[in-house]
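As numbered in my numbering, residues 12 to 373 make up the sequence shown, in order. Note that beta-carbon positions come from the ideal geometry of N, C-alpha and C, so glycine has one too. Okay, so here's the structure we're looking at.
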Amino acid sequence: MSQDDVIDSILGEDCTARVRALRAEKPELGAQMQEYSDALFRPSSDSGAAFSLADRLLVAIRTASHTRSNRVTDWYAARADDVGVSSQEIQMAMDIHASWPDDHPLSAAMRHVDLVTTRPMESSRNDIDALLESGLSPQGIVVLSQGRRVCVISGAAHCCAACIGSVMMSEPAFTLEFLNWVPWVPRAVDGDLSPRRREEIESFIAGKNASDYLLVLANDFDSLQARALVHRHVYADEADVTQAGYRELGATTTSRINGCVFCASVHARHVANYLKNRPMAQRFLDEGIRTELPPVERAVVDVSAKLTNDPEALTGADLAPLRALGFTDLQILDILNYAAFFANANRLMLTLGEPEAQPKLH
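Here is the structure:
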């Protein structure tokens, strides 16, 4: 089985001619998703030393098992078998109803996977401290976090393409205001770096928003660079501001469900801007995904919510309301891809740091 395109490979026979033709309209989507996957599952020597390929694959299996993504689970299990992971460990990773053995070197990492995959809002600085105490370096923690999440993107993306051919402890305070993000993991530039790598990182981060967040992800710089391309380049034409607004509403929906106050704030502001409707964006944050919305916005929220809550249950019938409202398949895929991406971004934001209000200027 070819690994040149991870989504094609996972889709297998479900990747029909119609799906292939649709994906071919955005060839950078496949290329850049594959680059991100390669950065995590074909790691450079220093990244592989921080968190081994075998461990990354076990984490991916555990994550996919939590989301009932059987095809994704089986795909990563086959990759794990290829690199010599024992069948016992593969079965342990698949058995989400059993705790990972305390005496296993991956015990702390797998406890973190179980927590963040199913209850991301409950994560805290203490969880990061436990990973550091278990011997994981900042680079290893970032690899663990991104390896877990790229599996979520791959699984959601395979569901999206196939269609086209959690209980929180308390309600967080969502806001349209600008927020800061405070890291729990040391930033890459806080550690020992060669002058060349420091210059590369600082040049990459210069002028970008959420710089502390990116500086944490820069602990594993190869995967950060690949991930940034996925985020920046694979979606529909930015000239279509209305479509951009619907895409941002999908991201806001995912963030609202996952409890990511920071991401919801950023993307709800984009919704307000692109769709010229700040009261709707504020109401959506205040009241949640069941709030009253116009028909198009309701259809976008409904499909994004189902993708977020139960991606394996998403079917072609769930896309019918958008099609009836005049959306093309490429526009629908655009919305779903962005919602799927924020299954990744929310959990990185929620598990590597926390938002705080910006000080008021007087």
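Return the residue from the list E211, T362, K287 and R334 that minimises the CA-CA distance to V153. The count along the sequence shown starts at 1 and reaches residue 153 at position 142. The residue among E211, T362, K287 and R334 with its C-alpha nearest the C-alpha of V153 is T362.
Which of helix, strand or coil does DSSP assign to N288? In the sequence shown, residue 288 corresponds to position 277, counting from 1. DSSP places N288 in coil when its eight states are reduced to three.
Should N269 be labelled buried (16 or more other beta-carbon atoms within 10 Å of its own) or exposed? Counting from one through the sequence shown, the residue named residue 269 turns up at place 258. With 16 or more Cβ atoms within 10 Å of its Cβ, N269 is classed as buried.
Alpha carbon of V163 to alpha carbon of A239, nearest angstrom: For this step, residue 163 is matched to residue 152 along the sequence shown. For this step, residue 239 is matched to residue 228 along the sequence shown. A caution first: V163 carries a pLDDT of 46, below 50, which makes its placement in the model too unreliable to give a value.
Bounding residues of the beta strand (DSSP E) (the contiguous stretch that carries L190): Start at 1 with the first residue of the sequence shown, and residue 190 comes out as number 179. Bounds of the beta strand (DSSP E) holding L190 are L190 to P194.
For the 8 Å Cβ check, are there 3 or more pairs between the stretch 18 to 28 and the stretch 205 to 219? Below 8 Å, too few C-beta pairs join the stretch 18 to 28 and the stretch 205 to 219 to call them touching: fewer than three.
Distance, A120 Cα to G59 Cα: The count along the sequence shown starts at 1 and reaches residue 59 at position 48. The count along the sequence shown starts at 1 and reaches residue 120 at position 109. Roughly 16 Å between the two C-alpha positions.
Is DSSP giving A168 helix, strand or coil here? Here residue 168 is taken as the residue at index 157 of the sequence shown, counted from 1. With a pLDDT of 49 at A168, under the threshold of 50, the modelled position of that residue is not reliable, and no figure is offered here.
So, with DSSP's three-state summary, where would you put A368? For the purposes of this step, residue 368 is taken as residue 357 along the sequence shown, with counting starting at 1. A368 carries a strand assignment under DSSP once its states are collapsed to helix, strand and coil.
Anyone know if the C-beta pair for A75 and V96 falls short of 8 Å? Translated into the one-based positions of the sequence shown, residue 75 becomes position 64. Translated into the one-based positions of the sequence shown, residue 96 becomes position 85. Between A75 and V96, the gap from beta carbon to beta carbon reaches 8 Å or more.
Can you tell me whether R73 is buried or exposed? The criterion is at least 16 other CB atoms within 10 Å of its CB, across all chains shown. Here residue 73 is taken as the residue at index 62 of the sequence shown, counted from 1. Taking a 10 Å sphere around the C-beta of R73, we find 16 or more other C-beta atoms and assign the residue as buried.
Does the stretch 312 to 325 come into contact with the stretch 262 to 280, if we say contact requires no fewer than three beta-carbon pairs (one atom in each stretch) closer than 8 Å? Two segments are said to touch when three or more pairs of C-beta atoms, one from each, lie closer than 8 Å; by this definition the stretch 312 to 325 touches the stretch 262 to 280.
For G299 and A279, the rounded distance between their alpha carbons: Against the sequence shown, residue 279 aligns to sequence position 268. Against the sequence shown, residue 299 aligns to sequence position 288. For the pair A279 and G299, the Cα-to-Cα distance works out to about 12 Å.
Distance, Cα to Cα, V83 vs L51? Residue numbering aside, residue 83 sits at position 72 when the sequence shown is read from its first letter. Residue numbering aside, residue 51 sits at position 40 when the sequence shown is read from its first letter. Rounded to the nearest angstrom, the gap between the Cα atoms of V83 and L51 is 16 Å.
When the Cα atoms are used, what is the spatial distance from A356 to F273? Counting from 1 along the sequence shown, the entry for residue 356 is found at position 345. Counting from 1 along the sequence shown, the entry for residue 273 is found at position 262. When rounded, the distance between both Cα atoms is 10 Å.
Element boundaries [alpha helix (DSSP H), containing D19]: Start at 1 with the first residue of the sequence shown, and residue 19 comes out as number 8. Taken as a continuous stretch (DSSP letters only), the alpha helix (DSSP H) holding D19 covers V17 to L22.
Pull up the CB-CB distance for P194 and M132, whole angstroms please, since I reckon it's below 8 Å. Residue 194 sits at position 183 when you count from the first residue of the sequence shown. Residue 132 sits at position 121 when you count from the first residue of the sequence shown. Contact between P194 and M132 fails: their C-beta atoms lie close to 18 Å from each other, not under 8 Å.
Give the secondary structure of V153 by DSSP, where H, G and I count as helix, E and B as strand, and everything else as coil. What you label residue 153 is simply residue 142 of the sequence shown in a count that begins at 1. Annotated three-state conformation of V153 is helix, per DSSP.
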